[in-house]
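Protein chains in written order, with the numbering used here: chain A, 325 to 656; chain B, 244 to 535. First the structure, in the form of structure tokens, and then the observations on it.
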Amino acid sequence: MTDTLLSPEPSLRQSEGLFRVRQLLDNVEARPAPSLIAEPAKLNPPPSKAYFFWLMAPAILLLACISLYPFFWMIYMSLHDVEIGSATWNNFENFTRLVTDTRYLKGWTLLFQYSLMCLALQIGIGVFLAVVLNGSRFEKILVTTLLMPMMMAPIVAGLVWYFLYNGTFGWYHWLFQSVGLLDAKSILASPGTAMLGIVLVDVWQWTPLITLITLAGLKRVPQDQLEANMVDGASPLRNFFSITLPNLYPVLLIAVMLRFMDNFRFIDSALVLTGGGPGNATKILPIYLFEVSFKFFKLGRGAAIALTLLVVTIILGMILVKVFDRQQTRKS
Amino acid sequence: MASRDVVRYETPLTRGFRWFSAVFIALYLVWTLLPIFVMFVSSFKDLLEAFKIPAVGDWSGIGVFFDFTPTLKHYRDLFLNLDFSRYMANSLVAAGGSAVISVILGSMAAYSLSRIDFKGKSDLFFWIISTRMAPVVAVMVPLYAIFRSLDLVGTLPGLILAYTTFNLPFAIWILKGFFDNVPYAIEEAQMVDGATRFQAFMAILPLVAPGIGAFIVLCILFAWNDFLFAAIIGSGGAKTLPVATRELVQPQNIQWGSIMAAGVVTTLPMMLLGLVIRRYLVTGLTMGAVKE
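Have a look at this one:
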């Protein structure tokens with residue numbers, strides 16, 4: 325006690341005391357509130373997966389109800405003779421009959437023929453257009469204009485083209501005739517040209533998508549490689565084939581797969597343009613399936629056809645996902 | 244960029260190419276816009292005027308196309324006599340309903356899928372994406388049988404559910420990519436500050452909001468333009484615009500004026516919406532594989 329009182333420098337001691345108080349106060353502020361120390365679980369809960377599973381449950385359940393459940397129904401239906409309100413087992417007859425069903429087999433051939441024709445034209449025109457547009461003065465406005473057809477309902481596109489192709493008052497028909505490509509018969513009326521007719525509509529509507537995808541890919545072509553090549557004396561054409569195109573392959577692959585699957589998915593415009601005719605010249609498989617199921621209401625047979633179509637699409641999808649994955653790993 | 248500074252010398256060959264590409268672009272523009280233009284103009288033409296066409300090879304006769312007195316009678320006809328306002332409402336409810344359901348449920352699922360890892364996740368993903376890629380006609384066969392037994396055929400809820408079969412997987416797949424781009428550290432910081440997990444989720448929503456908005460629009464676009472589902476599952480009670488347009492085509496007398504007007508009514512809103520979400524279009528249409 326006396327020691328403190330008799331200290332030679334009281335002012336110093338006092339300031340020291342103040343300092344202690346400050347330190348204590350600081351300490352209190354820096355430390356978490358006592359209540360939180362008592363319950364650390366609330367501050368930092370252990371990472372629980374249950375929460376996330378609950379969050380995704382509604383979507384997954386709904387999706388299961390509207391896709392998985394129908395899928396099993398489809399298998400069930402494909403093994404039965406389905407009438408309204410009844411289904412009788414028929415010993416895989418739906419499937420065995422497919423093997424000899426010429427229209428079914430021809431449907432596959434026509435589907436691939438249709439898809440390949442669409443793809444060849446779309447890739448050719450689309451890539452060329454992208455290369456030409458890339459970096460041009462009016463790129464933005466031109467691309468936006470090109471987008472227009474993609475927004476159109478395919479059924480409306482089909483109807484408009486049906487009007488343009490018409491043998492008596494169609495403007496495109498008039499054009500084809502005037503140039504000398506066609507005689508009086510409309511492009512959709514003769515079996516030889518009908519396929520080209522529906523392909524052109526698909527090309528009209530979806531080439532811009534290829535152009536857009538290619539443009540996105542072109543922006544990622546390494547400029548330094550192009551430059552180095554040019555310094556070495558390569559012509560622009562050589563540059564395109566040895567640098568630009570290899571860099572585009574991954575995006576083009578995606579574009580091809582997407583369009584291929586969409587050709588399987590959508591038949592709206594073909595349905596309204598030819599409905600599979602003339603004869604069976606454009607009866608691609610989905611149209612045949614549509615007829616069997618919803619015109620003749622042979623739902624069992626339809627389900628069998630649908631199942632084969634679905635399996636092929638899923639295989640294509642697997643390839644697509646593989647490509648996506650490789651794309652992702654390359655980026656990172 | 245240095246590459247811009249590299250001097251390219253103009254040779255006759257490159258000049259020729261430039262001319263060729265300019266002509267090509269011009270021709271392509273004409274080919275792209277012509278059907279749309281014809282649709283718009285024909286919707287204002289009277290029946291006989293729409294059928295006027297020059298003789299074969301008569302190139303100077305093209306002017307016939309513009310030789311008409313514009314009339315709004317087809318549009319009046321659509322909305323006054325053909326009940327198109329109801330079909331439009333049907334389209335709007337079906338497309339909007341499925342888009343909203345898909346994006347709400349989809350964003351919840353996409354968020355969880357982007358934040359946790361578990362066994363079989365890639366299989367789950369493959370299932371989701373394959374649901375989206377499945378051919379519409381193939382999906383419809385069993386769906387029709389099921390919906391018929393549940394009395395959902397020809398009703399709007401049935402149609403909404405049918406559209407959800409392709410919009411929900413699309414939303415999950417696309418939005419997962421969006422959530423993947425939001426660092427988990429933001430939520431962690433929120434939770435350290437005392438936010439619950441749900442509050443943390445709500446806190447990062449504004450970051451993905453533009454994307455979510457764009458994909459609601461894209462879902463609406465897919466559903467609005469659909470024909471097959473609407474024709475089979477919505478037939479009767481829930482007729483949408485594409486189906487109503489298609490029904491104007493009758494074997495005996497095809498009402499071209501009305502069809503073109505219906506086409507304009509169906510197409511125009513979607514074209515405008517497409518321009519609004521232009522930035523997200525490529526990402527959306529390529530299932531997120533390509534980004535602009």
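Just so it is clear, CB atoms sit at the ideal spot from N, CA and C, and this is done for glycine as well. None of these values were measured; they are calculated from a predicted model.
- Taking a cut-off of 8 Å on C-beta distances, the region 322–329 of chain B does not touch the region 412–420 of chain B, as fewer than three cross pairs fall below it.
- Distance from Ala481/B to Asn333/B at the Cβ level is roughly 5 Å; contact confirmed, criterion being Cβ atoms closer than 8 Å.
- A Cβ of chain A is located within less than 8 Å of the beta carbon of Asn468/B.
- Nearest C-alpha to Thr469/A among Ala457/B, Tyr523/B, Thr275/B and Glu430/B: Thr275/B.
- Taking 8 Å as the cut-off, the Cβ atoms of Ile608/A and Tyr393/A do not count as close.
- Of the other Cβ atoms in all chains shown, fewer than 16 fall within 10 Å of the Cβ of Pro494/B; this residue is therefore exposed.
- Along the region 335–360 of chain B, going in chain order, the ones with a CB nearer than 7 Å to a CB of chain A are Leu348, Gly349, Met351, Ala352, Tyr354, Ser355, Leu356, Arg358 and Ile359.
- Around the beta carbon of Phe361/B, fewer than 16 other beta carbons sit within 10 angstroms, so the residue counts as exposed.
- Gly306/B counts as exposed, since fewer than 16 other C-beta atoms from the protein chains shown sit within 10 angstroms of its C-beta.
- One Cα belongs to Leu572/A, the other to Cys462/B, and the distance between them is close to 29 Å.
- In its chain, beyond the 5 residues on either side, Ile372, Arg375, Phe413, Trp416 and Ile417 have a beta carbon closer than 8 Å to the beta carbon of Met530/B.
- Of all residues in the region 484–503 of chain A, only Val484, Trp485, Phe487, Leu488, Phe493, Trp495, Trp498, Gln501 and Ser502 come within less than 7 Å of chain B when Cβ atoms are compared, listed by chain position.
- The distance from the Cβ of Met441/A to that of Val525/A is about 12 Å, inconsistent with a contact at the 8 Å cut-off.
- A Cβ-Cβ separation of about 7 Å places Val492/B in contact with Leu483/A under the 8 Å criterion.
- In its own chain, leaving out the 5 sequence neighbours on each side, no residue places its CB closer than 6 Å to the CB of Leu524/B.
- Interface residue (Cβ-Cβ distance to chain B less than 8 Å): Trp413/A is not classified as such.
- Taking Tyr428/A as the centre and dropping the five residues before and after it, the same chain places the C-beta of Leu422 closer than 6 Å to its C-beta, in chain order.
- Leu402/B is positioned such that its CB atom lies closer than 8 Å to that of Ile476/B.
- In this structure, Met585/A places its C-beta atom within 8 Å of the C-beta atom of Gly641/A.
- For His404/A, DSSP records a beta bridge to Trp413/A.
- Using a Cβ distance threshold of 8 Å, Thr407/B and Ser341/B count as a contacting pair.
- A contact is defined here as three or more CB-CB pairs under 8 Å, and the region 434–449 of chain B fails this definition with respect to the region 454–464 of chain A.
- Among the residues facing chain B, Leu435/A is not included, as its CB has no counterpart in that chain under 8 Å away.
- Under the Cβ distance rule, Pro570/A does not count among the residues neighbouring chain B, no pair being separated by less than 8 Å.
- The beta carbons of Val467/A and Leu536/A sit closer together than 8 Å.
- For Val343/B, the CB contacts under 8 Å within the same chain, skipping 5 residues up- and downstream, are Ile459 in chain order.
- Distance between Asp649/A and Lys364/B, taken at the CA atoms: about 14 Å.
- Looking from the CA of Val346/B, the closest CA among Tyr318/B, Lys295/B, Lys419/B and Leu315/B belongs to Lys419/B.
- Straight-line spacing of the CA atoms in Phe377/A and Ser357/B works out to 12 Å.
- Taking 8 Å as the CB threshold, Asp405/A stays off the interface with chain B.
- Pairwise C-beta distances place the region 609–617 of chain A out of contact with the region 499–516 of chain B, as fewer than three of them are shorter than 8 Å.
- Rounded to the nearest whole angstrom, the C-alpha separation of Leu582/A and Gly437/B is 45 Å.
- Under the three-state reduction of DSSP output, Gln442/B falls in the helix class.
- Remark: C-beta atoms of Ala388/B and Leu633/A do not approach each other more closely than 8 Å.
- Short of 6 Å from the beta carbon of Ala338/B, and not among the five residues preceding or following it, lie these beta carbons of its own chain, in chain order: Ile463, Ala466 and Trp467.
- Residue Leu550/A holds the alpha-carbon nearest to the alpha-carbon of Phe564/A among Asp556/A, Trp413/A and Leu550/A.
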